[in-house]
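As structure tokens, the structure follows; a few thoughts come after it.
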Amino acid sequence: MNADVIIRKINESVVEIETTDDINHNIYNRYSEYTPGYQFNPRYKLRVWDGKYRAYNIKTNILPIGLVKDLISYLVAQKTTFQLEGFRDLELCEPLDEEKYTAQIKDNMKNAPFEIREYQDRAVRAALKYHRGILLSCTSSGKSLMLYNIIKSIRAQNYKKILLIVPNIMLVDQMYDDFKSYGWQQIEDEVERLGGGHEATFDCPVLISTWQSLQNKEEEFFEPFDAVFVDETHGAKAKVLGQMLRQCVNAKYKIGTTGTLPTDKSEILQIKSVIGDVIFELKSKELIDVGVLTKIQIANVIAKYPSEFVMANKGRSYPEEVKMVEEYADRNKVLQMIIEHTDAKHNILLLVNHLTHLKLLEEWLHETYPDRKVSIINGGVKASERSEIRVNIENEDGTILLATYATMSTGVNMPKLHDVILYSNSKSKIKVLQSIGRGLRKHKTKSQIILYDIVDDLTYKTRTGRVVDNYLIKHWRERMSYYKEQEFPTITTSINL
Numbered sequence: 206m207n208a209d210v211i212i213r214k215i216n217e218s219v220v221e222i223e224t225t226d227d228i229n230h231n232i233y234n235r236y237s238e239y240t241p242g243y244q245f246n247p248r249y250k251l252r253v254w255d256g257k258y259r260a261y262n263i264k265t266n267i268l269p270i271g272l273v274k275d276l277i278s279y280l281v282a283q284k285t286t287f288q289l290e291g292f293r294d295l296e297l298c299e300p301l302d303e304e305k306y307t308a309q310i311k312d313n314m315k316n317a318p319f320e321i322r323e324y325q326d327r328a329v330r331a332a333l334k335y336h337r338g339i340l341l342s343c344t345s346s347g348k349s350l351m352l353y354n355i356i357k358s359i360r361a362q363n364y365k366k367i368l369l370i371v372p373n374i375m376l377v378d379q380m381y382d383d384f385k386s387y388g389w390q391q392i393e394d395e396v397e398r399l400g401g402g403h404e405a406t407f408d409c410p411v412l413i414s415t416w417q418s419l420q421n422k423e424e425e426f427f428e429p430f431d432a433v434f435v436d437e438t439h440g441a442k443a444k445v446l447g448q449m450l451r452q453c454v455n456a457k458y459k460i461g462t463t464g465t466l467p468t469d470k471s472e473i474l475q476i477k478s479v480i481g482d483v484i485f486e487l488k489s490k491e492l493i494d495v496g497v498l499t500k501i502q503i504a505n506v507i508a509k510y511p512s513e514f515v516m517a518n519k520g521r522s523y524p525e526e527v528k529m530v531e532e533y534a535d536r537n538k539v540l541q542m543i544i545e546h547t548d549a550k551h552n553i554l555l556l557v558n559h560l561t562h563l564k565l566l567e568e569w570l571h572e573t574y575p576d577r578k579v580s581i582i583n584g585g586v587k588a589s590e591r592s593e594i595r596v597n598i599e600n601e602d603g604t605i606l607l608a609t610y611a612t613m614s615t616g617v618n619m620p621k622l623h624d625v626i627l628y629s630n631s632k633s634k635i636k637v638l639q640s641i642g643r644g645l646r647k648h649k650t651k652s653q654i655i656l657y658d659i660v661d662d663l664t665y666k667t668r669t670g671r672v673v674d675n676y677l678i679k680h681w682r683e684r685m686s687y688y689k690e691q692e693f694p695t696i697t698t699s700i701n702l
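And the structure:
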């Protein structure tokens, strides 16, 4: 073996590593990370598992192909020689023919009512150059237009079977409608949908589907695809979706788009294993500063609970605390204050976690604001009804859209939203920042978006004067770190319940 490490390509999903035992163990350790909550797992407690997700199989020497670029960077830094076997020329970085690229984008956009933006062009270039990787582009940056141009471009290069995976049934129709609005002629002959009431023949070159609609497909189903794209790719850490991507063994393109990656190292490792490194990055503030996105103001509203109530309920578990505040009737004073200090023509997105909470709020809203239209989106609402709500809100004023985070925090395009209220707790960076993105899209009826973060304050002092924080206050402080990272302006006020 002339080189210290041989990286041998097996297919478009995995490579085989040939090296010495010492280097092999170094690679094994490099691609190992503790999983969230590992210390509570029964297998860890029984000492049959060390709590780590390991991307590299040291017994078979198999490494996911998405980590190859990182491995090469690591080997170079370690001054370790390596040799690639089975890779196509220029596979890891294919320079663009500028003339052909410009002509192709011009053709893609010839029927579009606008031009591709400079940052979208950079994202498309990155995808066509590297073939694998993550486009980390903030919510409302027009990722569907990026995907449209990438897919149209590789279709022109004779890629015959392309799979686009979206996270929910609402986005199946939304993505298809977006592609059509960008000027994809004969889209009915080239693109078909699966999920949300759509059945597919699988004869068209492009398939748009939710991962849920694909989860029971056999391994052979994924083999013909020569390109696969994952919208909102932070979901790729999910076991089922990750398995699908691994089964796309002939997909020369594996590109994911997302506005936010998780903070947990093991989850990032899982995503990069099947898709690759971040090859393009764009933050919300950059687009707010140039006027592409709406200005935002974070308004933290601290709901202070009566001291008697706090003392009677201190020491509760996190699930108990969540249930308790969601059922606390006077908590809606906060909601009433916000709604009554908001322009009556504003469309408000009200986000919650649980269906029981949603039902309580639906009744309260109908009773308190009988003249306001209240639309509901949750997992039980059909795709066609969700799409109808999405389209109709463009022509509505004063609608309150009550929805679960699960159905609305990702990818949904509703520009005519003026205010967003986070009325249930979350410390998930993805969920919080994606939810904010629902309101950042520009619309002629708004100059800024206000995001109200409702914070339940059940803190108390011990006899020695020590302040004890409740779970929901602690989670809010984590959200504040996300706002600070994104450079969003914040103000904080309090209300006594």
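Letter by letter, the sequence shown follows residues 206 to 702 in this note's numbering.
Cβ atoms here follow ideal geometry from the backbone N, Cα and C, with glycine treated the same way.
Source: prediction; values computed, not measured.
| Nearest residue (CA-CA) to residue 708, options 510, 495 and 337 | Because residue 708 is not part of the residues shown, which for the chain are 206 to 702, the question remains open.
| said: Buried or exposed for residue 571, going by 16 or more other Cβ atoms inside 10 Å? | reply: Exposed is the call here.
| said: Taking the alpha helix (DSSP H) that residue 719 belongs to, which residues open and close that run? | reply: Given a span of 206 to 702 for the chain in the structure shown, any question on residue 719 remains unanswerable.
| query | Taking buried to mean at least 16 other C-beta atoms within 10 Å of its own C-beta, is residue 373 buried or exposed? | reply | buried
| message | Report the start-end ranges of each alpha helix (DSSP H) in the segment 392-443 that is 4 residues or longer and not cut off at the edges. | response | 392-395, 416-419 and 424-427
| message | Assuming contact is defined by CB atoms lying nearer than 9 Å, are residue 295 and residue 236 in contact in what I supplied? | response | no
| field | Residue nearest to residue 561 in terms of C-alpha spacing, selected from 282, 527, 446 and 366 | value | 527
| request: Could you tell me which of 270, 244, 599 and 388 sits nearest to residue 313, measuring between CA atoms? | output: 388
| query | Tell me which same chain residues have a C-beta within less than 8 Å of the C-beta of residue 598, skipping the five on either side of it? | reply | 552, 580, 604, 606, 619, 621 and 622
| Just the Cα atoms here: how many angstroms apart are residue 325 and residue 227? | Looking at the two C-alpha atoms, the distance is approximately 43 Å.
| query | Expressed to the nearest angstrom, what Euclidean distance is found between the alpha-carbon atoms of residue 455 and residue 685? | reply | The straight-line gap from Cα to Cα measures roughly 43 Å.
| With 16 other CB atoms within 10 Å as the buried threshold, where does residue 523 fall? | Residue 523 is exposed by the Cβ-count criterion.
| query | Going by beta carbon distance, what residues of the same chain come within less than 7 Å of residue 321, once the five residues before and after it are set aside? | reply | 310, 314, 350 and 354
| query | At a cut of 8 Å, does the segment 659-669 reach the segment 502-513 through at least three beta carbon pairs? | reply | yes
| said: Under DSSP, the alpha helix (DSSP H) around residue 491 begins and ends at which residues? | reply: 489-494
| According to the Cβ coordinates, are residue 633 and residue 531 closer than 9 Å? | The Cβ atoms of residue 633 and residue 531 do not sit closer than 9 Å to each other.
| query | Where does residue 518 sit, in a helix, a strand or coil, going by DSSP? | reply | Helix.
| request: Spell out a yes or no on whether the segment 371-385 and the segment 447-461 are touching, meaning 3 or more CB-CB pairs, one atom from each, closer than 8 Å. | output: no
| query | Could you give the residue range of the beta strand (DSSP E) that holds residue 266? | reply | No beta strand (DSSP E) holds residue 266; DSSP gives it neither H nor E.
| query | Looking only at its own chain, which residues have a Cβ that is under 8 Å from the Cβ of residue 574, when we skip the five neighbours before and after it? | reply | 544 and 605
| Should residue 602 and residue 550 be called a contact, given that it needs their Cβ atoms to be closer than 9 Å? | yes
| residue 258 to residue 471 span [Cα, whole Å] | 6 Å
| Considering only the beta carbon of each residue, do residue 369 and residue 352 sit closer than 9 Å? | yes
| Cβ-Cβ distance between residue 360 and residue 433 below 9 Å | no
| said: Helix, strand or coil, according to DSSP, for residue 363 in the structure here? | reply: coil
| query | When the Cα of residue 689 is compared with those of 638, 647 and 582, which residue comes out closest? | reply | 638
| request: Name the one or two DSSP bridge partners that residue 213 has. | output: 221 and 290
| query | Span of the beta strand (DSSP E) holding residue 552? | reply | No beta strand (DSSP E) contains residue 552, which DSSP labels as neither H nor E.
| When DSSP builds the beta bridges, which residues end up paired with residue 504? | 657 and 696
| request: Please report the Cβ distance between residue 515 and residue 676, rounded to the nearest whole angstrom; I am assuming they are in contact, meaning their Cβ atoms lie under 8 Å. | output: That pair is no contact at about 13 Å.
| said: Less than 9 Å between the beta carbons of residue 246 and residue 254, yes or no? | reply: yes
| Beta carbon of residue 610 nearer than 9 Å to that of residue 652 | no
| Status (buried if at least 16 other CB within 10 Å, exposed otherwise) for residue 696 | exposed
| task | Just tell me which of 251, 223, 301 and 288 has its CA closest to the CA of residue 264. | result | Looking at the Cα atoms, 223 is the closest of the given residues.
| query | Beta carbon of residue 461, beta carbon of residue 276: below 9 Å? | reply | no
| request: Locate the alpha helix (DSSP H) running through residue 331, then write down its first and last residues. | output: 323-335
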